[in-house]
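Trainee:
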Amino acid sequence: MASAFGKLILLGEHAVVHGCPALVAGLQRGATASATADEGQRLQLGDRSCHRGDGSDLGQAYDSLLTSMGRSGISVEVSPELPLGVGLGGSAAISVAIARALLELDASPPEEPRTAQDSQQVFEASMAWERIFHGDPSGVDSAAATFGGCLRYVRGESPESVKNAVPLVIAVAVAGPAAETKTMVEQVAKLKSQSPDKFQKTLEAIHALVDNAQLALQAGDLSGLGQLLNYNQMLLAGWLLSTPEIEHAVALARDAGALGAKLTGAGGGGCVLALAGDRADAIMNSWKNEGLECFLSKVPASIGATTPGGISA
Ligand code: PMV
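For the sequence shown, the positions run 1011 to 1323 when the numbering used here is used.
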């Protein structure tokens, strides 16, 4: 059984499309998949199914992924473990789990260690899948789904593993129905073409926030990190990515004692995250009292590597 991680963008969403770094934390769940040799070339995804290239988006994405890996005559069954389309990287996790299931099919023994070359192949297959749904993705979701942990990701570069000195407790709420990532990315691109100088200033500000957040993570300075999340939320709201529902969920979290809170992912709806510190129960209760779907994710303190596997996007 192959698996992959979901992700939370801690800081830098959207800016990452325009060359800024983003900081990402892997979720402990994402998707699992298993593959079998089968000329039917069927993809079973939870209760949805399609066939390779059957004209549906899903069928097209499956075709792109198989083509990217040079495979055919394979059926795959996937169990998604995250809600889709709310900015948790569920789609990238599915594609990475499928790509790994294809590699496992040839591997002997099936669970042999993953090489950097495997990771590069998996990442490219995931990007081929993501392009069907997201147009021109930065690759941040695919990198996070491939590697997990905390990452600094710059489009076109190998992701860098970021060593967080202390564990992170992150509360996540679905603040409303998600907008399409593609639409939100286009909306931001429009702002860039309308006022390039102003846009550039915001990009530079986000870049500085991300650099400082990386230092805060490495130093274990959670209250500093929380403040940086709050600043990033302000700048994202300036790009019209926030909504009243997001602002409400963010305010509830901060009032309940979160160290910082912001939208995560494409915005326009979808999820918010809150750096919980020791206030996780209060934040979760406050969201639950308002009927919000929410969960907690923990990122253990990391030890070791500085580069996760050397992929290049
Ligand atoms: O699809 P989401 O909600 O995880 O957002 C992806 C992050 C963006 O920066 C908005 C787009 C991208 O390709 O990086």
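Cβ atoms here follow ideal geometry from the backbone N, Cα and C, with glycine treated the same way.
Keeping to the same chain, check which residues put their C-beta closer than 6 Å to that of Gly1050; ignore five residues upstream and five downstream.
Mentor: Here residue 1050 refers to the residue found at position 40 when the sequence shown is read from its first residue. Ser1085, listed in sequence order.
Trainee: So, at 6 Å on beta carbons, what are the nonlocal neighbours of Gln1054 in its own chain, with the 5 sequence-adjacent residues on each side left out?
Mentor: Taking the first residue of the sequence shown as position 1, residue 1054 is located at position 44. So the qualifying residues of the chain are Glu1087.
Trainee: Within 10 Å of its beta-carbon, does Asp1073 have 16 or more other beta-carbons around it, so buried, or fewer, so exposed?
Mentor: In the sequence shown, counting from the first residue as 1, residue 1073 sits at position 63. So Asp1073 counts as buried.
Trainee: Taking 9 Å as the threshold (C-beta atoms), are Gly1248 and Gly1287 in contact?
Mentor: Taking the first residue of the sequence shown as 1, we reach residue 1287 at position 277. Taking the first residue of the sequence shown as 1, we reach residue 1248 at position 238. The answer is no: Cβ separation not under 9 Å.
Trainee: With DSSP as the reference, label Pro1090 as helix, strand or coil.
Mentor: Indexing the sequence shown from 1 puts residue 1090 at position 80. Looking at Pro1090 - three-state DSSP - the assignment turns out to be strand.
Trainee: So, for Leu1232: in the same chain, excluding its five sequence neighbours on each side, which residues have a beta-carbon less than 8 Å away from its beta-carbon?
Mentor: Residue 1232 sits at position 222 when you count from the first residue of the sequence shown. The residues are Val1176, Leu1178, Ala1226, Leu1269, Leu1285 and Gly1287.
Trainee: Could you compute how far the alpha carbon of Ala1198 sits from the alpha carbon of Lys1298?
Mentor: Residue 1198 sits at position 188 when you count from the first residue of the sequence shown. Residue 1298 sits at position 288 when you count from the first residue of the sequence shown. The question names Ala, but residue 1198 is Val in the sequence shown. If you take the alpha carbons of Val1198 and Lys1298, they lie about 32 Å apart.
Trainee: Among the residues of its own chain, which have a CB less than 6 Å from the CB of Ala1315, if the five just before and after it don't count?
Mentor: Counting from one through the sequence shown, the residue named residue 1315 turns up at place 305. Low per-residue confidence applies at Ala1315: pLDDT is 42, beneath 50, and the placement is therefore not dependable enough to give any value.
Trainee: Relative to the C-alpha of Gln1127, which residue among Cys1160, Thr1156, Phe1209 and Glu1023 is closest?
Mentor: In the sequence shown, counting from the first residue as 1, residue 1127 sits at position 117. Minimum Cα distance to Gln1127 is reached at Thr1156.
Trainee: Does the beta carbon of Ser1013 fall short of 8 Å from some heavy atom of the ligand PMV?
Mentor: The residue labelled residue 1013 in the question sits at position 3 within the sequence shown. No; taking the cut-off as 8 Å, the Cβ of Ser1013 has no heavy atom of the ligand PMV nearer than that.
Trainee: Here's the rule I'm using: 16 or more other beta-carbon atoms within 10 Å means buried, otherwise exposed. How should Asp1067 be labelled?
Mentor: The count along the sequence shown starts at 1 and reaches residue 1067 at position 57. Its Cβ having fewer than 16 others within 10 Å, Asp1067 is exposed.
Trainee: What separation, rounded to the nearest whole angstrom, lies between the Cα atoms of Lys1173 and Leu1021?
Mentor: The sequence position of residue 1173 within the sequence shown is 163, counting from 1. The sequence position of residue 1021 within the sequence shown is 11, counting from 1. If you take the alpha carbons of Lys1173 and Leu1021, they lie about 16 Å apart.
Trainee: Starting from the Cα of Gly1275, find the closest Cα among Gly1100, Gln1228 and Gly1158 and give me that residue.
Mentor: What you label residue 1275 is simply residue 265 of the sequence shown in a count that begins at 1. Answer by Cα proximity: Gly1100.
Trainee: Bridge partners of His1061, per DSSP?
Mentor: As a working note, residue 1061 is residue 51 in the sequence shown. DSSP output for His1061 lists Arg1052 as bridge partner(s).
Trainee: Quick check on DSSP: helix, strand or coil for Val1150?
Mentor: Taking the sequence shown and counting its residues from 1, the one referred to as residue 1150 is at position 140. Three-state DSSP puts Val1150 in a helix.
Trainee: I'd like the list of long-range same chain contacts for Ala1043, defined as Cβ closer than 6 Å, with 5 residues on each side in sequence excluded.
Mentor: Numbered from 1 along the sequence shown, position 33 holds the residue referred to as residue 1043. Ala1012, Val1086, Val1088, Ala1107, Ile1108 and Ala1111.
Trainee: Around the C-beta of Gly1056, are 16 or more other C-beta atoms found within 10 angstroms, so that it is buried, or is it exposed?
Mentor: For the purposes of this step, residue 1056 is identified with residue 46 of the sequence shown, where counting begins at 1. It counts as exposed.
Trainee: Quick check: the segment 1201–1218 against the segment 1178–1188, are at least 3 beta-carbon pairs closer than 8 Å?
Mentor: The segment 1178–1188, when compared against the segment 1201–1218, does not touch it at the 8 Å Cβ threshold.
Trainee: If I measure Cβ to Cβ from Ala1045 and keep anything under 6 Å in the same chain, skipping five residues before and after, which residues do I get?
Mentor: Counting from one through the sequence shown, the residue named residue 1045 turns up at place 35. Hits under 6 Å: Ile1084, Val1086, Ala1111, Leu1112 and Leu1115.
Trainee: If Glu1354 sits next to Ser1152, beta carbons under 8 Å apart, how far is it from one beta carbon to the other, in whole angstroms?
Mentor: No statement about residue 1354 is possible, as the shown extent of the chain runs from 1011 to 1323 and does not include it.
Trainee: Can you tell me whether Gly1036 is buried or exposed, with buried defined as 16 or more other CB within 10 angstroms of its CB?
Mentor: Along the sequence shown, read from residue 1 onward, the residue named residue 1036 stands at position 26. Buried, because 16 or more other Cβ atoms sit within 10 Å of the Cβ of Gly1036.
Trainee: For Ile1142, I'd like the list of residues in its chain whose CB is within less than 7 Å of its CB, leaving aside the five on either flank, ordered along the chain.
Mentor: As a position in the sequence shown, residue 1142 is number 132, starting the count at 1. Within the same chain, Ile1142 has close Cβ partners Asp1067, Gln1070, Ala1071 and Ser1074.
Trainee: Expressed to the nearest angstrom, what Euclidean distance is found between the alpha-carbon atoms of Arg1052 and Gly1065?
Mentor: Looking up residue 1052 in the sequence shown gives position 42. Looking up residue 1065 in the sequence shown gives position 55. Each residue's alpha carbon lies about 13 Å from the other.
Trainee: Do Ile1216 and the ligand PMV come close, with the Cβ less than 8 Å from some heavy atom?
Mentor: Taking the sequence shown and counting its residues from 1, the one referred to as residue 1216 is at position 206. Result no, Cβ not under 8 Å from the ligand PMV.
Trainee: Less than 8 Å between the CB of Glu999 and some heavy atom of the ligand PMV, yes or no?
Mentor: Coverage of the chain is limited to positions 1011 through 1323, which leaves residue 999 absent and any answer about it impossible.
Trainee: Going by beta carbon distance, what residues of the same chain come within less than 7 Å of Phe1015, once the five residues before and after it are set aside?
Mentor: Stepping through the sequence shown from its first residue, residue 1015 is reached at position 5. These residues qualify, in order along the chain: Gly1036, Leu1037, Gly1040, Ala1103, Ala1154, Ala1155 and Gly1158.
Trainee: What separation, rounded to the nearest whole angstrom, lies between the Cα atoms of Lys1308 and Ala1259?
Mentor: In the sequence shown, the residue the question calls residue 1308 occupies position 298. In the sequence shown, the residue the question calls residue 1259 occupies position 249. Between Lys1308 and Ala1259, the C-alpha separation is close to 20 Å.
Trainee: Can you find the residues in the same chain that come closer than 6 Å, C-beta to C-beta, to Ala1183, ignoring five residues on each side of it along the sequence?
Mentor: As a working note, residue 1183 is residue 173 in the sequence shown. So the qualifying residues of the chain are Ala1259, Val1282, Trp1297, Leu1302 and Cys1304.
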